[in-house]
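Note that the sequence shown ends on residue 429 in the working numbering; no numbers are left out.
Data block below; observations after.
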Amino acid sequence: MKSLIIFDLDDTLAESKSAILPDMAIALKDLLAIKKVAIITGGKYEQIIKQVVSNLPTDANLSNLYLFPTCGASYYHFIDGHWINVYEERLSPDDVKKIFQALRDAQAFAGVITEGPLYGEQIEDRGTQVSWSALGQQCPPALKVIWDPDQQKRLSMLPFLGISIPEYESRVGGATTIDVTRKGVDKKYGIYQMEKYLGVPLADMLFIGDAIFPGGNDYAAVEVGIDYEKTTGPEMTHRLIEEIVALG
Numbered sequence: 182m183k184s185l186i187i188f189d190l191d192d193t194l195a196e197s198k199s200a201i202l203p204d205m206a207i208a209l210k211d212l213l214a215i216k217k218v219a220i221i222t223g224g225k226y227e228q229i230i231k232q233v234v235s236n237l238p239t240d241a242n243l244s245n246l247y248l249f250p251t252c253g254a255s256y257y258h259f260i261d262g263h264w265i266n267v268y269e270e271r272l273s274p275d276d277v278k279k280i281f282q283a284l285r286d287a288q289a290f291a292g293v294i295t296e297g298p299l300y301g302e303q304i305e306d307r308g309t310q311v312s313w314s315a316l317g318q319q320c321p322p323a324l325k326v327i328w329d330p331d332q333q334k335r336l337s338m339l340p341f342l343g344i345s346i347p348e349y350e351s352r353v354g355g356a357t358t359i360d361v362t363r364k365g366v367d368k369k370y371g372i373y374q375m376e377k378y379l380g381v382p383l384a385d386m387l388f389i390g391d392a393i394f395p396g397g398n399d400y401a402a403v404e405v406g407i408d409y410e411k412t413t414g415p416e417m418t419h420r421l422i423e424e425i426v427a428l429g
């Protein structure tokens, strides 16, 4: 059986930008007792803490938990009672400015319309990544899931981004988001960093995510060639975790 289980976050472990449910928290605790667990997501570090870590039982084995925010552009590990930042691929102010403008231009070029009010900022500088969320960073999950269920609105923006900012990686993530990082910094990069820092061979890894399609931010992870399971959401992920724990 695999020694490292890797998860996407939104629409895999939890609904978009929502806390994991109590049964998921228990399942993850059981998994952490027997396996190394990594979370790699387009969200920033603080978002993983808010959605996952702060909701785990207090006796969960956090030394077996590895956090790779912003599609693997940074890595945090729990050492001596503290989360330590091991590496970080930060964007410069010029990078951020260029990406912000390209995202605005891509939305206009593709004719992607977002009706109604925005829930928070539409474009967010996450330090190592810039993320465009169509309805705003704080949009309620119920509105997110109906805006672009087949990803076609966001996928229509990617060709423009590929031409206007080819030095960066642009991918669809979550329910309404496009994530942009430095070229070569994606979930594939994150998987290779796990191999390097955690000392786990690719053959001993299993990835579980929802956005496993060309242009999706989970697709790069499976391009590495590791085994994977495509999940339909947290309920299916919970069942998969239970199966893994049962096998030991």
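Idealized CB from N, CA, C, for every residue including glycine.
Since the model is a prediction, treat every value here as computed from it, not as a measurement.
Reducing DSSP to helix, strand and coil, say where Gly-297 ends up.
In the structure shown, Gly-297 sits in coil (DSSP, three-state: anything other than H, G, I, E or B).
Is DSSP giving Phe-281 helix, strand or coil here?
Shown here, Phe-281 sits in a helix according to DSSP, grouped into three states.
Reference Asp-360, options Asp-211, Gly-253, Glu-423, Thr-239, closest by Cα:
Of the listed residues, the one whose Cα sits closest to Asp-360 is Gly-253.
Quick check: Thr-358 and Gly-223, are their CB atoms within less than 8 Å of each other?
Yes, these two residues count as a Cβ contact at 8 Å.
Measure the C-alpha to C-alpha separation of Lys-231 and Ala-200 and round it to an integer number of angstroms.
As the crow flies, the alpha-carbon of Lys-231 is around 7 Å from that of Ala-200.
Three-state secondary structure (DSSP) of Val-381:
Coil at Val-381, not helix or strand.
Is it buried or exposed, Asp-275, if we count other Cβ atoms within 10 angstroms and call 16 or more buried?
By the 10 Å Cβ count, Asp-275 comes out exposed.
Assess, as a yes-or-no matter, whether the segment 240-249 is touched by the segment 276-286 under the definition of 3 or more beta carbon pairs within less than 8 Å.
Verdict: no, contact absent.
Start and end of the beta strand (DSSP E) containing Met-338?
Unbroken run through Met-338: none, as it is neither H nor E.
Can you list, in chain order, the residues of its chain whose CB lies under 8 Å from that of Arg-285, leaving out five sequence neighbours each side?
Only residues of its own chain outside the window of five on either side were considered, and among them Ile-304 have a CB closer than 8 Å to the CB of Arg-285, listed in chain order.
CA-to-CA distance, Gly-297 to Leu-185, given in whole angstroms
Looking at the two C-alpha atoms, the distance is approximately 43 Å.
Limits of the alpha helix (DSSP H) - the one that Ala-205 falls within:
The amino acid at residue 205 is misidentified as Ala; the sequence shows Met. DSSP places Met-205 in the uninterrupted alpha helix (DSSP H) bounded by 203-213.
Should Gln-374 be labelled buried (16 or more other beta-carbon atoms within 10 Å of its own) or exposed?
Answer is buried; the Cβ neighbour count reaches 16.
Can at least three beta-carbon pairs, one atom from the segment 388-403 and one from the segment 189-197, be found at a separation below 8 Å?
Between the segment 388-403 and the segment 189-197, the count of C-beta pairs closer than 8 Å reaches three or more; the two stretches touch.
Quick one: what's Trp-264 bridged to in DSSP?
For Trp-264, which the question treats as bridged, DSSP gives the partners Phe-259.
Out of Thr-251, Val-311, Lys-411, Ala-241, which has the shortest C-alpha to C-alpha gap to Gln-228?
Ranked by Cα distance from Gln-228, the first of Thr-251, Val-311, Lys-411, Ala-241 is Thr-251.
Helix, strand or coil at Thr-358 according to DSSP, with G and I counted as helix
In the three-state scheme derived from DSSP, where H, G and I count as helix and E and B as strand, Thr-358 is classed as strand.
Give the DSSP bridge partners of Trp-328, in chain order.
Note: Trp-328 sits in no beta bridge, so no partner.
For Tyr-349 versus Lys-364, is the C-beta spacing smaller than 8 Å?
A contact, by the Cβ cut-off of 8 Å.
According to DSSP, Lys-334 sits in a beta bridge with which residue or residues?
When beta bridges are read from the DSSP output, Lys-334 appears opposite no residue.
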